[in-house]
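Each residue of the sequence shown is one higher than the one before, starting from 871 at the first, in my numbering. We put the beta carbon where it would ideally sit given N, CA and C, even for glycine. What you are looking at is a predicted structure, and each value in this text was computed from that prediction instead of being measured. All remarks here apply to the structure that follows.
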Amino acid sequence: MNYRVNEKGYYGDFGGAYIPEMLYPNIEDLRTCYLDIINSPIFQIEYQDLLKNYVGRPSPLYHAERLSKRYGATIYLKREDLNHTGAHKINNTIGQIILAERLGKKRIIAETGAGQHGVATATVCALKGLECVIYMGEVDIKRQAPNVARMKMMGATVIPATSGSKTLKDATNEAMRDWINNPVDTHYIIGSVVGPHPYPEMVSLFQSVISEETKTQLFSQTGSSQPDYVLACVGGGSNAMGMFYHFLDDENVQLIAAEAAGLGVNSGHSAATSILGREGVLHGSRTILMQTDDGQVIEPYSISAGLDYPGIGPQHAHLHKVKRVKYVAITDDEAMQACMLCSKLEGIIPAIETGHALAALENIAFKKTDVAVICLSGRGDKDLDTFMNYFKL
């Protein structure tokens, strides 16, 4: 089974580039040159140097002894929360900012939900001295205020998206509109494995450093680079794609992706795309998305600002359809309790997004010999207000 993108930009039935004519030159320019640029020695020297000396990679693979004891297996946490800016998002923005420079772009735009991609984009724009505009849903601006402040401190302009649910989907819509109006000087740093080809593949390549390191670190600690389970949370799905990337062809590794069930899959307040969604086109690619019978996008909901997206990346849609990855739905309550458990057992406060992946451990019948790796995609500092309100701290 082939899990990779083909020459036309599709993963099986999903992918492609469904874009306005005005964006065609930008997308075509990217498509024809991104691999040559990324694979060039001059790019790789700068990229690897920044990952090591600016981001702080490799991120640790931590043996979580108390979580392991609770679940009766050997559990490791891939500590993306320890990256500069506090999440996996920086892996992608470092790569894309170097690419944008090579393409001669002077202005950067991005969308953000939880704010981590916005912070990571503002960070690399400050590093390179480029203009930065971040689109963020009005609701997310309120619930992720510390991240908004961080973006502004680094010189970014934060523009609220006031349509629809005023969250990630709407921020993405606004960023797309900006790019259509400014196609010549602007590069759009998409934060997840979504959008028109080549973005899903490009972002997954930049995030694949997560699984690449994990295999090496796991071998060093256990004598085997092959875990039994690999888990990650999924909104659009970039941390999951990075965590799964180098395990996709190893059918003995069970891959589990945790989506946001919100208040319940059938509550009308959910973001469990793989269960509720149908095939359609969203933000430039054919994928699985939550939609009405007449094709209107259904507003997603999650207590986590990074998972309330009505679709999943096209590669995830393919992996779901061919059953290579198991997609599970985790409720707000389950995710929040998992965050508290990780905090109390390991002294690590995870992002609420990551809490969904941690909660998925409850549904696995582990054997004592099993080894599981979870992508701890971000730290929970940004979610303290939500934690305090939920747990009445």
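Asked: Whether ASP1040 touches GLY1065 by CB criterion (8 Å); Found: no
Asked: Per-residue burial, LEU1254 [other beta carbons within 10 Å of its own, 16 or more giving buried]; Found: exposed
Asked: Cβ-Cβ distance between LEU969 and TYR904 below 8 Å; Found: yes
Asked: Candidates ASN872, LYS878, ASN1051, SER910, of which the one nearest MET1268 by Cα; Found: Outside the modelled stretch of the chain, which goes from 871 to 1263, sits residue 1268, for which no answer is possible.
Asked: Alpha carbon of SER1155 to alpha carbon of LYS939, nearest angstrom; Found: 43 Å
Asked: Cβ pair VAL1100, VAL1243 closer than 8 Å; Found: yes
Asked: Contact the segment 991 to 1007 vs the segment 956 to 967: 3+ CB pairs below 8 Å; Found: yes
Asked: GLN1161 - DSSP class collapsed to helix/strand/coil; Found: strand
Asked: GLU1082 - DSSP class collapsed to helix/strand/coil; Found: helix
Asked: CB contact below 8 Å: ASN1052 versus chain C; Found: No chain C appears in the structure shown, which is made up of a single protein chain.
Asked: Three-state class that DSSP yields for THR1037 in the structure shown; Found: coil
Asked: LYS1252 versus ARG874: straight-line alpha-carbon distance, rounded; Found: 34 Å
Asked: Ordered list of beta strand (DSSP E) runs contained in the segment 1193 to 1250, each at least 3 residues; Found: 1195 to 1201, 1241 to 1246
Asked: Environment of VAL1028 [buried if 16+ CB atoms lie within 10 Å]; Found: buried
Asked: Nearest-angstrom beta carbon gap, ALA943 and VAL1241 [assumed within contact, 8 Å]; Found: 7 Å
Asked: Cβ-Cβ distance between SER1144 and ILE1158 below 8 Å; Found: yes
Asked: Between the CA atoms of GLY1165 and GLY1077 - distance to the nearest angstrom; Found: In the sequence as displayed, the identity of residue 1077 is Gln instead of Gly. Between GLN1077 and GLY1165, the C-alpha separation is close to 31 Å.
Asked: DSSP-derived helix/strand/coil call for LYS1262; Found: coil
Asked: Among LYS948, HIS1226, ASP1163, GLN1161, the one whose alpha carbon lies nearest that of VAL1079; Found: LYS948
Asked: Cβ shell of GLY885 (< 7 Å), same chain only, five flanking positions each side left out; Found: VAL875, GLY879, HIS1067, PRO1070, SER1155, ARG1156, PRO1184
Asked: Simplified DSSP state of ILE915, which is helix, strand or coil; Found: helix
Asked: Backbone secondary structure at SER1144 - three-state DSSP; Found: helix
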